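Read through the structure below, which is laid out as structure tokens, and then see the notes.
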Amino acid sequence: MLPAAGLPRRSRDELLASARRGLAEAAFARRPGERYALAHLAALRVAAAVLAARAQPRPGHRGRPASAWQLLAVVAPELQEWAAFFAEGAGRRAAAEAGLAVVTARDADDLVRQVEIFLGIVEAALGVPSQPSLTQVESSEGWTWR
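Positions 0 to 145 (numbering that gives the first Met the number 0) are the ones given, in order, by the sequence shown.
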């Protein structure tokens, strides 16, 4: 059970759709800092979708505020490593949002791919049909990764 104040107000499906839109925006952002920040925010929406689907509020209880990543590790222990990974990147996201050059193009591209994997894992865990990856492109030999 979690404090009701920590739970998302949108539905699981709305949050997953928002995450996918944010991930698409990240994939096409030109500046690495922007791409990184958008991808990290998409991951937060994915985490919020898990919280919306699984967390049970404790009526009338207001505990210490917790990050989405802390709550995710409690509500979905199988996603604990993902929660730690994304929690570690929160400071870099904040710095990138502030316009600081803290991430390279490779950092940003790697994070976009990690969020895609995380989204797929969460969709499978929640029983939501997965959509094709945004960084998959069709070549003459079939689907490949961009």
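In this text, a Cβ means the ideal position worked out from N, Cα and C, and glycines have one as well.
For clarity, every value in this text was computed on a predicted model and none was experimentally measured.
Inset, instruction - Pull up the distance between the alpha-carbon of Glu-13 and that of Gly-98, whole angstroms please. - result: 29 Å
Legend entry - Cβ pair Ala-23, Val-111 closer than 7 Å: no
Inset, instruction - Would you verify that the beta carbon of Leu-43 is, or is not, closer than 7 Å to some beta carbon of chain C? - result: This model lacks chain C altogether; it includes just one protein chain.
Legend entry - Endpoints, alpha helix (DSSP H) assigned at Ser-10: No alpha helix (DSSP H) contains Ser-10, which DSSP labels as neither H nor E.
Inset, instruction - Would you grab the beta carbon distance between Val-45 and Leu-15 for me? Rounded to a whole angstrom, and I think it's under 8 Å. - result: 7 Å
Inset, instruction - Look at the Cβ atom of Pro-31, then the Cβ atom of Ala-104, and state whether they are nearer than 7 Å. - result: yes
Inset, instruction - Decide if Ala-83 is buried, meaning its Cβ has at least 16 other Cβ atoms within 10 Å, or exposed. - result: exposed
Inset, instruction - Within its chain, find whatever has a CB closer than 7 Å to the CB of Ala-52; leave out the 5 residues flanking it on each side and keep chain order. - result: Arg-11 and Leu-125
Legend entry - Val-102 vs Ala-41 beta-carbon contact at 7 Å: no
Legend entry - Beta carbon of Ala-72 nearer than 7 Å to that of Gln-79: yes
Inset, instruction - Alpha carbon to alpha carbon, how far is Phe-85 from Ala-123? Give it in angstroms, no decimals. - result: 19 Å
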